[in-house]
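In the numbering used here, the protein residues as written are 6 to 208.
Below is one structure, written out as structure tokens; comments come after it.
Shown next as structure tokens:
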């Protein structure tokens, strides 16, 4: 299970670095601003998560999170993603953001389960890991966090963590079931985005 966690964590960092990079470009931030946007999106949720767990954040103790982020930023610049306008409407943003959301939902839930958290703890840790970075980024660039207004976004983290917790208590949480839940969540998020599904507003 540890290997699956590391793989999911790397995938999440790659995906959220790209989405944070693109959001920074969309808001016409300078070089430092784009870097901060990418760092917050990719690592912010994990840092908050590890703080709650009472341990040194992975980003501060392991080399792979920062190295992964640096390589992705380098190649993103190399391929000149910054030339895209309205990047949040581009397929690359939607897909990378979806992958990051699901990957970090999984890692947060796995850590909560490993820490023997109860149902509420597992869901909360998964939710914070998945959306914490994007919330910090959106607050920094002075826009309403996507979690509060966008298409079924935070609901994906809740669904992933709920399914993983149920698999855990049923003693059938393994690599195969993790992959199945991940693919299901990715498809659900993409369908929700393109079908423009929203939770009902309170009027």
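Glycine is no exception: its CB is placed at the ideal position from the N, C-alpha and C atoms.
Here's the rule: buried if 16 or more other CB atoms are within 10 angstroms of the residue's CB, otherwise exposed. What is residue i?
i: residue 204; result: exposed
i: residue 72; result: exposed
i: residue 60; result: exposed
i: residue 16; result: buried
i: residue 177; result: exposed
i: residue 149; result: exposed
i: residue 201; result: exposed
i: residue 96; result: exposed
List the endpoints of the continuous alpha helix (DSSP H) containing residue i.
i: residue 70; result: 69-83
i: residue 144; result: 124-145
i: residue 120; result: Taken as a continuous stretch (DSSP letters only), residue 120 belongs to no alpha helix (DSSP H), as it is neither H nor E.
i: residue 183; result: 180-199
Is the beta carbon of residue i sitting closer than 8 Å to the one on residue j?
i: residue 133; j: residue 159; result: no
i: residue 2; j: residue 111; result: The structure shown has nothing for residue 2, since the chain only spans 6 to 208.
i: residue 99; j: residue 23; result: no
i: residue 161; j: residue 190; result: yes
i: residue 120; j: residue 171; result: no
Using three-state DSSP, classify residue i as helix, strand or coil.
i: residue 10; result: helix
i: residue 173; result: helix
i: residue 28; result: helix
i: residue 157; result: coil
i: residue 3; result: The displayed coordinates of the chain run from 6 to 208. Any statement about residue 3 would go beyond what the structure contains.
i: residue 87; result: Only weak support exists for where residue 87 lies, its pLDDT of 49 falling under 50; the value from the coordinates is given anyway. If DSSP states are grouped into helix, strand and coil, residue 87 belongs with the helices.
i: residue 111; result: helix
i: residue 165; result: helix
i: residue 44; result: helix
i: residue 36; result: helix
i: residue 149; result: coil
i: residue 204; result: coil
So the candidates are the options; which of them puts its Cα closest to the Cα of residue i?
i: residue 31; options: 142, 153, 72; result: 142
i: residue 48; options: 147, 74, 9; result: 74
i: residue 124; options: 144, 157, 166, 183; result: 166
i: residue 186; options: 200, 126, 106; result: 106
i: residue 188; options: 11, 169, 119; result: 169
i: residue 130; options: 44, 163, 198; result: 163
i: residue 68; options: 192, 14, 179; result: 14
Is the CB of residue i under 8 Å away from at least one CB in chain C?
i: residue 49; result: Note that chain C does not occur in the displayed structure, where there is just one protein chain.
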